[in-house]
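Okay, so here's the structure we're looking at.
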Amino acid sequence: MVINEYHVSLDAVIPRSCAEIYDVNGLHTSGVYKINIAPSSSDPLNIFNIYCDMTTDGGKWMVISNGRLFTFVLVLLRRKDGSVNFDRTWDDYLRQFGLDFMHDVTERMGLSYEMRIDMTSFPRKEDNGFTGPIEKGYAKYSTFSVGSPDSFYKLTVDGFSGNWGDSLAIHNGMMFTANGTENDHDQSNNNCAEMYLAPYWYNKCSESRLTGEYGMIVHDEVVNTGSWLDKSTITFSHGILWYSYLGGDEHPQFVDMKIRPV
């Protein structure tokens with residue numbers, strides 16, 4: 148058995164979650180492991196490489212880090228730069244960004260899940276530039292699931308705790324909205340995904356938007372920190388949003404969503 152930061156090979160029955168890897172297999176090192184979302188089947192389509200965070204808040208968090216599903220699942224998404232454009236089509240979110248996978252994991256595996264979102268701010272604006280302190284915070288939900296395709300992947304979140312406020316409460320029960328009239332499932336008269344260049348579980352429209360454009364806007368000054376982001380086009384309404392703590396003037400520098408069984 149090889150264990151390192153990037154890969155772990157398991158010869159036994161492939162577990163369903165990082166929690167099983169931690170508890171049953173006794174592996175407590177963060178890294179990439181295989182999980183089987185349908186343990187009764189040996190179909191390779193049900194087997195995924197998952198990054199397991201074994202240290203944060205007791206560990207056992209599932210993080211996807213392969214190119215097939217990107218990081219929108221388990222850590223459901225991980226934003227640390229602007230290298231990935233989240234303004235995608237409905238089909239992109241089904242396949243590459245893993246809405247179907249999120250549904251399979253959280254509603255079809257016979258397990259209940261909690262979710263944790265860790266966030267880091269950009270440096271605060273001070274007289275000598277962006278050199279102020281970087282703040283870290285989190286939001287945790289004791290209940291998390293993503294509904295079936297028939298429900299348009301309805302989001303269920305409840306049981307908030309944390310130190311950066313609850314910016315997901317108004318999104319509870321919302322369907323996923325993407326570009327296009329046929330994919331407009333929000334509560335607004337307009338398509339929020341098209342307005343903010345970011346598909347999401349919108350209400351009217353959002354207090355959080357973790358799929359928004361990557362970058363920082365403070366006091367009407369734009370700092371372009373992403374390789375794909377055009378400095379001339381980013382606006383407040385397009386940025387990553389966690390309103391309950393950062394408000395509308397600042398956007399997180401780092402966002403990390405992850406889930407584990409409860």
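With positions in the sequence shown counted from 1, the corresponding number in our numbering is that position plus 147.
Glycine residues also receive a C-beta, built at the ideal position from the N, C-alpha and C atoms.
Keep in mind that this is a model prediction, so the values were computed, not measured.
Exercise for the section: Would you list, in sequence order, the uninterrupted alpha helix (DSSP H) runs of no fewer than 4 residues that lie entirely inside the stretch 305–362? Expected result: Every unbroken stretch of the alpha helix (DSSP H) spanning 4 or more residues and falling wholly within the stretch 305–362 is given here in chain order: 339–343.
Practice task
Would you tell me roughly how many angstroms separate the C-alpha atoms of residue 260 and residue 174, rounded to the nearest one?
Solution key: Within the sequence shown, residue 260 is the residue found at index 113, counting from 1. Within the sequence shown, residue 174 is the residue found at index 27, counting from 1. Straight through space, the alpha carbons of residue 174 and residue 260 are spaced by roughly 20 Å.
Exercise for the section: Flag this pair as touching only if the stretch 289–298 and the stretch 385–403 have three or more C-beta atom pairs under 8 Å; answer yes or no. Expected result: Output reads no: the stretch 385–403 does not touch the stretch 289–298.
Exercise for the section: Express the C-alpha separation of residue 331 and residue 165 in angstroms, rounding to a whole number. Expected result: The residue labelled residue 165 in the question sits at position 18 within the sequence shown. The residue labelled residue 331 in the question sits at position 184 within the sequence shown. The C-alpha of residue 331 is placed about 34 Å away from the C-alpha of residue 165.
Exercise for the section: Under 7 Å Cβ to Cβ from residue 410, same chain only, skipping five residues before and after it: list those, please. Expected result: Outside the shown range of the chain (148 to 409) lies residue 410, about which nothing can therefore be said.
Exercise for the section: Take residue 184 as the anchor and find which of 253, 393 and 201 has the nearest alpha-carbon. Expected result: The count along the sequence shown starts at 1 and reaches residue 184 at position 37. Nearest C-alpha to residue 184: 253.
Exercise for the section: Measure the beta-carbon distance from residue 323 to residue 288 and round it to whole angstroms, keeping in mind my assumption that it falls under 8 Å. Expected result: Here residue 323 is taken as the residue at index 176 of the sequence shown, counted from 1. Here residue 288 is taken as the residue at index 141 of the sequence shown, counted from 1. Actually they do not touch by this definition, with Cβ atoms about 17 Å apart.
Exercise for the section: Locate the beta strand (DSSP E) running through residue 200, then write down its first and last residues. Expected result: Start at 1 with the first residue of the sequence shown, and residue 200 comes out as number 53. Residues 194–200.
Handout entry: residue 191 classed as buried or exposed, judged by whether at least 16 other C-beta atoms fall within 10 angstroms
Key = One-based indexing of the sequence shown puts residue 191 at position 44. That one is exposed.
Problem - residue 406, buried or exposed, once every other Cβ within 10 Å from all chains shown has been counted against 16 - result: One-based indexing of the sequence shown puts residue 406 at position 259. Buried, because 16 or more other Cβ atoms sit within 10 Å of the Cβ of residue 406.
Exercise for the section: Leaving out five residues on either side along the sequence, give the residues of the same chain with a beta carbon under 7 Å from the beta carbon of residue 250. Expected result: Within the sequence shown, numbered from 1, the residue matching residue 250 stands at position 103. Counting only Cβ-Cβ distances below 7 Å, and skipping sequence neighbours, we find 293, 294, 295 and 300.
Problem - Per DSSP, cross-strand counterpart(s) of residue 267 - result: For the purposes of this step, residue 267 is taken as residue 120 along the sequence shown, with counting starting at 1. Beta-bridge analysis with DSSP links residue 267 to 283 and 401.
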